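Q: First, the structure itself, so that you have it in front of you.
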Amino acid sequence: MISITGLSVQFGGHFLFDNISLAITKADRIGLVGKNGAGKSTLLRLLMGQMRPESGNIHFDNNTTLGYLPQEMPIRATKTVYEEAASAFSEVLQLQETVDRLTSEITHRTDYESTEYLKLVDQLTDAQDHFQRLGGLNMREQIEKILKGLGFVNGDFDRSLAEFSGGWQMRVELAKILLRKPSFILLDEPTNHLDIESIMWLEDFLLNYEGGVLLISHDVAFLDKVCNRTAELVNGKLYDYRVPYLQFVELRQQRQEQQITEAKRQEKMVEHTETLINKFRAKKNKAKFAQTLIHKLENLERVEIDDLEKDSIKFTFPDAPRSGRVVVHMQHLTKRYGKTEVLNNINFTLERGEKVAFVGKNGEGKTTLTKIIAGKEPYEGSFQLGHNVLVGYFEQKQAETLDGNQTVFQTIDDVATGEMRYRVRSLLGAFLFSGDSVDKKVQVLSGGEKSRLALAKMLLEPVNLLILDEPTNHLDMRAKEVLKEALRNFNGTLIVVSHDREFLQGLTDKVYHFKNKQITAYHGDVYDFLRNSNMQSLDELGMNSRQTPEKEQTETDAKQERINRWETLKNFDRDIRKVETKIKKSEQTIAELETTIARYEQQLADPNFYAQPQNDPKAATAAYNQCKQQLEQEMEQWELLLLELEELQEQRNQYT
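Residue numbers (numbering that gives the first Met the number 0): 0 to 655.
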């Protein structure tokens, strides 16, 4: 068990969190959530002893072991993938050397009756028993199972780890933690380095893990599947809910509503008390009573409302210039890096207004194809952009392309042109950069801040083909929701590469799966794709071959239930979008009618209007009355649409 009591951490006179407590047992799967900067990563570093708290204590039971995966870490890649993963079994490997040494020594001795010989036999027996207890006999099987689950294939095991990207190297670090089987696993944004199939494998692994799990993630689907508890850091406090993430969201909303009600009640009490103070403070016989009331207000602990939406990004993409009907067209496209073929004979056409997702294991060519479309990679075969296609490209590591020596303001101001030069601060404010923060150097920004700045920079020029490669990495949940809503309203063509199922759900109308140098199209969103292909993918990972038929059926039923649930939610989202569009159109019509009515009223109220022979007051009055009637009808329609929207949203909330 891990016990956190009265923990406080202060930075520059500001408490990141103050007097928080939390108990974690081996049965817990806790999702640690909160906005960027709330202190989630700091709490994990405190548990690992990498930081010291201002006050408070962290207590571990005897023999507690921890496995910690930070968001990023320096890795010295000097071994093969398999050797690095096997280093998790350091004690087993030492025992293997001992067993080999003792076996060799015994083999070459002939003094079978001597004390020394019998002592060596006892040592060998003990070493072999210990080796077997630690899993030495099936060590290779365990290593291969974990590595394959995290996306590696047999041909990768003997390759140098240095040949792999930082994301793949982080997968090996995760594999080492899972192989060590610590009492508690601490994971900071583990899905940032994984594809959808590996995330689903990790979900199943953590669900069946014998120790405790404390993880930070902005992946809603991952949190809701893995965690049975949700701990939220907000405004320096920690709230502990013994429910999965989606249930927590409902309870959090109830908590805030209760806080608002209590704050209003307290505000009325304060107003009443201040009225009494003002009434009695000037009267000698009531002065003491007034002073008592003053002390009461001074010592009153004010109700704080957790302003969960305070730091919301608010933005929309500029209107997309109209492109030709065909936006991207490629035939027989092949891409090689040296002798390694990544894509083979690809045929792909994208039409105006389509919104598609690229999914598949890392290394299958998703990013490569986006770079080809963006004009950043050479290729073999035929590829053309359509008429008047303007490409906006957000790279997977777009934040790293920013100049660290520039300030936030300079980053935007240097590339802003025209009227946008006068709106730089407004744009930055929409992305949560205001006041002194616009003068910060880019190099001191957090990962989330850099991602937001890179997104803001992308908005400076209108485009009609938007390519986003893993845009949600480092964004918190609220920022992801706002980005998703902006993309849903984007009137251009969209290609998005993402492993975040919740982000993709309802965003795209077609999924392209990258596998074995080819791409396969699936109509619908990511859950339609998973319904059609996920079982085959999990079979390839070797997860089902050792399961009983009963367990397979149970997991199949549970999987189908999740798919049905997301299918229903997708339909709700589709219907809600349709009604929202109708409401927007109705509001536009109402605004136009109100403008027309105001113009008629101005005319009919002007005496000069009746004096001019070319004007027809009777016709104007009839048109005025007709507009008022149309407005009344449109208002009724608008009210009905609002009721329909409210009903749909209620049904969706009840379903989730």
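Virtual Cβ for every residue (Gly too), placed ideally from N, Cα, C. Computed from a predicted structure; not experimentally measured.
1) With respect to the beta strand (DSSP E) encompassing A230, which residues constitute its N-terminal and C-terminal limits?
2) Determine the burial state of F316: buried for a count of at least 16 other Cβ atoms within 10 Å of its Cβ, exposed for fewer.
3) Going by alpha carbons, who is nearest to I345 out of H331, F357, Y336, N137?
4) Spell out a yes or no on whether the stretch 178–190 and the stretch 211–221 are touching, meaning 3 or more CB-CB pairs, one atom from each, closer than 8 Å.
5) If we count Cβ pairs, one from each stretch, closer than 8 Å, do we get three or more for the stretch 638–645 versus the stretch 608–624?
6) Which value, in whole angstroms, describes the spacing of the CA atoms of Y623 and L458?
7) Note down the Cα distance separating Q141 from E172, rounded to an integer number of angstroms.
8) Exposed or buried, Q168, counting other C-beta atoms within 10 Å across all chains shown (16 or more means buried)?
9) Could you name the residues that DSSP lists as bridge partners for K236?
10) According to DSSP, N515 sits in a beta bridge with which residue or residues?
11) Alpha carbon to alpha carbon, what distance is there between T190 and I371?
12) With distances taken from CA atoms, which of P616, V407, T588 is nearest Q632?
13) Under the DSSP definition of a beta bridge, which residues are partnered with V443?
14) Below 8 Å between beta carbons: does that hold for E376 and T367?
15) If you follow the alpha helix (DSSP H) that S7 is in, where does it begin and where does it stop?
16) Tell me whether W637 sits in a helix, a strand or coil according to DSSP, three-state version.
17) Pairing CB atoms from the stretch 152–165 with CB atoms from the stretch 462–471, are three or more of them under 8 Å?
18) Please state whether the Cβ-Cβ distance between R170 and G150 is less than 8 Å.
19) Could you pull out every residue in the same chain whose Cβ sits closer than 6 Å to the Cβ of E379, ignoring the five residues on either side in sequence?
20) May I ask you to verify whether the stretch 200–208 touches the stretch 107–114, counting CB pairs closer than 8 Å and requiring at least 3?
21) Among the residues of its own chain, which have a CB less than 8 Å from the CB of L592, if the five just before and after it don't count?
22) Identify, in the order they occur along the chain, each residue of the same chain with its Cβ nearer than 6 Å to the Cβ of F88, setting aside the five sequence neighbours on each side.
23) Throw me the rounded Cβ distance for the M50 and T41 pair, which I believe falls under 8 Å.
24) K360 by DSSP, collapsed to three states: which one?
25) Taking buried to mean at least 16 other C-beta atoms within 10 Å of its own C-beta, is G505 buried or exposed?
26) Compare the Cα-Cα distances from V98 to each of G428, A76, D121 and report the closest residue.
27) Thinking C-alpha only, which one of E53, L31, L45 is nearest F10?
28) Taking contact to mean at least 3 C-beta pairs separated by less than 8 Å, is the stretch 421–437 in contact with the stretch 490–497?
29) At 3 residues or longer, and completely inside the stretch 337–418: list those beta strand (DSSP E) runs for me, N to C.
30) Helix, strand or coil for L193? Go by DSSP, reduced to three states.
31) Between F571, E586, S585, K584, which lies nearest to E646 when the distance is taken from Cα to Cα?
32) Give me, in chain order, the residues of the same chain whose beta-carbon lies closer than 6 Å to that of L644; leave out the 5 immediate sequence neighbours on both sides.
33) How far does the alpha helix (DSSP H) with F247 in it reach, from first residue to last?
34) Look up S436 in the DSSP assignment and say whether it is helix, strand or coil.
35) Could you give the distance in angstroms between the alpha-carbon of E300 and the alpha-carbon of H294?
36) Give a yes or no on whether the C-beta atoms belonging to S445 and N35 are separated by under 8 Å.
A: The relevant details are as follows:
1) Where A230 is concerned, the enclosing beta strand (DSSP E) stretches over 228–233.
2) Flag for F316 reads buried.
3) The candidate whose alpha carbon is nearest that of I345 is H331.
4) Touching, yes.
5) Touching, no, given that fewer than three Cβ pairs across the two stretches are closer than 8 Å.
6) The straight-line gap from Cα to Cα measures roughly 42 Å.
7) The alpha-carbon atoms of Q141 and E172 are separated by roughly 15 Å.
8) With 16 or more Cβ atoms within 10 Å of its Cβ, Q168 is classed as buried.
9) K236 is bridged by DSSP to V233.
10) BP columns for N515 are empty, so no partner.
11) So the two alpha carbons sit approximately 26 Å from each other.
12) Comparing Cα positions, the closest option is T588.
13) According to DSSP, which records beta bridges pairwise, V443 is partnered with nothing at all.
14) Their beta carbons are under 8 Å apart, which means E376 touches T367 by this criterion.
15) First-last for S7: 1–10, but that is the beta strand (DSSP E), not the alpha helix (DSSP H).
16) Note: W637 maps to helix in three-state DSSP.
17) Too few Cβ pairs lie closer than 8 Å, so no.
18) For R170 and G150, yes; Cβs fall inside 8 Å.
19) Closer than 6 Å at the Cβ level, and outside the excluded window around E379, lie T333.
20) Counting Cβ pairs under 8 Å, fewer than three are found: no touch.
21) Non-local beta-carbon contacts of L592 in its own chain, meaning distances under 8 Å to residues more than five positions away in sequence, involve C626, Q629, L630, E633 in chain order.
22) These residues qualify, in order along the chain: M138.
23) Confirmed, Cβ separation roughly 7 Å.
24) Coil, per DSSP.
25) By the 10 Å Cβ count, G505 comes out buried.
26) Comparing C-alpha distances from V98 to each of G428, A76, D121 shows the shortest one belongs to D121.
27) Cα-wise, what sits closest to F10 is E53.
28) When C-beta atoms of the stretch 421–437 are compared with those of the stretch 490–497, fewer than three pairs fall below 8 Å, so the two segments do not count as touching.
29) 339–350, 354–359, 379–384, 390–393, all fully within the stretch 337–418.
30) DSSP, reduced to helix, strand and coil, places L193 outside both helices and strands of the structure shown, so it counts as coil.
31) Out of F571, E586, S585, K584, F571 has the C-alpha closest to the C-alpha of E646.
32) Excluding positions up to five away in sequence, the list reads V578.
33) Where F247 is concerned, the enclosing alpha helix (DSSP H) stretches over 244–279.
34) Annotated three-state conformation of S436 is helix, per DSSP.
35) One C-alpha to the other measures close to 12 Å.
36) The answer is yes: Cβ separation under 8 Å.
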